[in-house]
Amino acid sequence: MKAIVVGGGIGGLATALSLHAQGIEVEVFEQSRTIRELGVGINTLPHAIKELAALGLLDELDRIGIRTHELIYTNRFGQEIWRDLRGTDAGYEFPQFSIHRGKLQGVLHKAVLERIGGDKVHPGHQLVRFEDTGGRVTATFERREGHDDVTVTGSVLIGADGIHSTVRKAFYPDEGAPSWNGLMLWRGAVEGKPFLTGRSMIIAGGMSAKFVCYPIYNDPDTPGSTLLNWAVVARIGDGSTPPPRREDWSRLGDRAELMNHVDGVFTLDVVDPVAIINSTVDFYEYPMCDRDPVDRWSFGRVTLLGDAAHPMYPVGSNGASQAILDARCLAGLLAGGGAVEDALKAYEAQRLPMTAEIVRTNRKGGPEQVIDLVEERAPDGFGKLEDVATREELEAMVRGYASLARFSQSDVNKPGG
Ligand SMILES: Cc1cc2nc3c(=O)[nH]c(=O)nc-3n(C[C@H](O)[C@H](O)[C@H](O)COP(=O)(O)OP(=O)(O)OC[C@H]3O[C@@H](n4cnc5c(N)ncnc54)[C@H](O)[C@@H]3O)c2cc1C
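Quick note: the sequence shown uses our numbering, first residue 7, plus one each step.
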């Protein structure tokens, strides 16, 4: 068996490592000329970390990330609405990591090069078409160097090629552009002072604007300083039009546009959003885009994985986590020894319904609904939280999401779970 993986993002690289661990030959093709450590901070949840730990990567993650201790939700005045311990601090067997997306990709890439070999990773190769001939799959890549085409044959083709997936487009040619909900997400990272435990994550605000902040790296050479990741989510459209600029994770944001949603909006004790943003030289914008869940990912010997399969709003820390879970599930099934087509169907049956539900729940705000609800009922702040929302209401939103995304403690800690 030989697998062709299209895309060298977190999903594609995790898939390559997982397939290799199962003894399956694999090659990765990435359209970018180099696999560069792009993006800013993300969170990866304990169930995904469990899978990366099984691949022997836990020490590396500890070297480049921070084990998230707690997540605090507040309104825009810093009044606490919900607080949860996270990862091992909450009793999970595995940590949650706050981590630089590019550095996580870098750890996976390094492991792929070491374990599978540099000759099996092909940057500068853009998939242009593929053909499933029944017994084999043939994929054609346009090489950036030389602008010629290369044809590769394998037993299975895995489209881990992101929200603008070429593989998905072949099966859903009329799907069009991703849909936008009118919210813009600005993200950046900057050296700053640690706050609270030094491993805390805060999400403040509500429907009109949210400020997210958490540390992602402590450089041992600069004690007393930490790399703070921040994000602001604010409404700039009603969702009936395409975004003002095409969704691109590497697009720089406009400071004046962003500050309209921050200046005078947040008064938080623990962090100062205006100061943090103003000290960030370059930051990025990304319109909150996703796609409607589809009924099928697997067609013969070809399937979809990660954002190509289930692009979702980046809320609830699930984008990278679900891609890693897809990878491990798919590799396990392909190693089962049955027909490739059956393994791909079984993978789809295991992963599609649950990820479709996460896509839908993220549209409603995911676990962050707790701050939306409180802002709606008490836009100017509150005296006592219990006069605004009951603990049961808030708990249902947070815990309901955890069990939906299969990272409740009972899911992650159970043997073999
Ligand atoms: C540059 C970048 C920065 C990001 N930054 C953030 C962030 O700051 N916060 C956040 O929450 N999420 C971010 N994301 C998204 C996040 O990484 C994903 O949601 C999640 O990790 C799932 O990853 P994926 O591998 O499925 O998709 P992606 O991470 O999108 O990876 C898909 C890969 O496929 C490649 N590709 C696409 N088309 C082709 C083709 N035709 N042929 C060959 N290769 C192709 C792409 O270049 C890309 O490397 C970023 C994604 C990218 C690509």
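Positions of the beta carbon are idealized from the N, C-alpha and C atoms, including for glycine.
Residue state for Gln-356 is assigned as helix, using DSSP reduced to three classes. Ligand 1 approaches Pro-320 closely enough that one of its heavy atoms is under 7 Å from the residue's Cβ. DSSP, reduced to helix, strand and coil, places Asp-254 outside both helices and strands of the structure shown, so it counts as coil.
Here Glu-363 carries a helix assignment [DSSP, helix/strand/coil]. The residue from Gly-230, Ser-214, Val-280 with its alpha-carbon nearest to that of Pro-221 is Gly-230. Per the C-alpha coordinates, the member of Lys-116, Val-134, Arg-135 positioned closest to Lys-126 is Lys-116.
Under a 10 Å Cβ-count criterion, Thr-74 is classified as buried, with 16 or more other Cβ atoms of the shown protein chains found around its own Cβ. Not a single heavy atom of ligand 1 lies less than 7 Å from the C-beta of Gly-71. Between Phe-289 and the set Ile-10, Gly-45, Gly-112, the nearest pair of CA atoms involves Gly-45. Ligand 1 approaches Phe-35 closely enough that one of its heavy atoms is under 7 Å from the residue's Cβ.
Pairing Lys-109 with Ile-70 gives a Cβ-Cβ distance under 8 Å.
Residue burial is scored here from C-beta neighbours: Glu-381 has at least 16 other C-beta atoms within 10 angstroms and is therefore classed as buried.
In this structure, Ala-176 has its CB at a distance of at least 7 Å from all heavy atoms of ligand 1.
Of the candidates Leu-234, Pro-293, Pro-317, His-153, the residue whose Cα lies closest to the Cα of Thr-286 is Leu-234. 8 Å or more divides the Cβ of Ile-242 from the Cβ of Met-294.
Beta-bridge partners assigned by DSSP to Val-238: Trp-192, Phe-217. Our two residues, Glu-76 and Thr-203, have alpha carbons roughly 8 Å apart in a direct line. Cβ-Cβ distances below 8 Å link Leu-379 to Ala-395, Glu-399, Leu-400, Met-403 in the same chain, with the five nearest sequence neighbours on each side left out; the list follows chain order.
Annotation for Gly-371 indicates a beta carbon at 7 Å or more from all heavy atoms of ligand 1. Rounded to whole angstroms, the gap between the alpha carbons of Glu-151 and Lys-56 is 38 Å.
Taking C-beta atoms as the reference points, Glu-354 and Thr-309 count as a pair closer than 8 Å. Secondary structure of Ser-327 (DSSP, three-state): helix.
Between Trp-303 and Arg-334, the alpha-carbon positions lie close to 16 Å from each other. Distances taken from the Cβ of Thr-172 to the heavy atoms of ligand 1 include one shorter than 7 Å.
Going by beta carbons, Pro-129 and Glu-43 fall outside the 8 Å limit. Short note on Arg-193: C-beta closer than 7 Å to some heavy atom of ligand 1.
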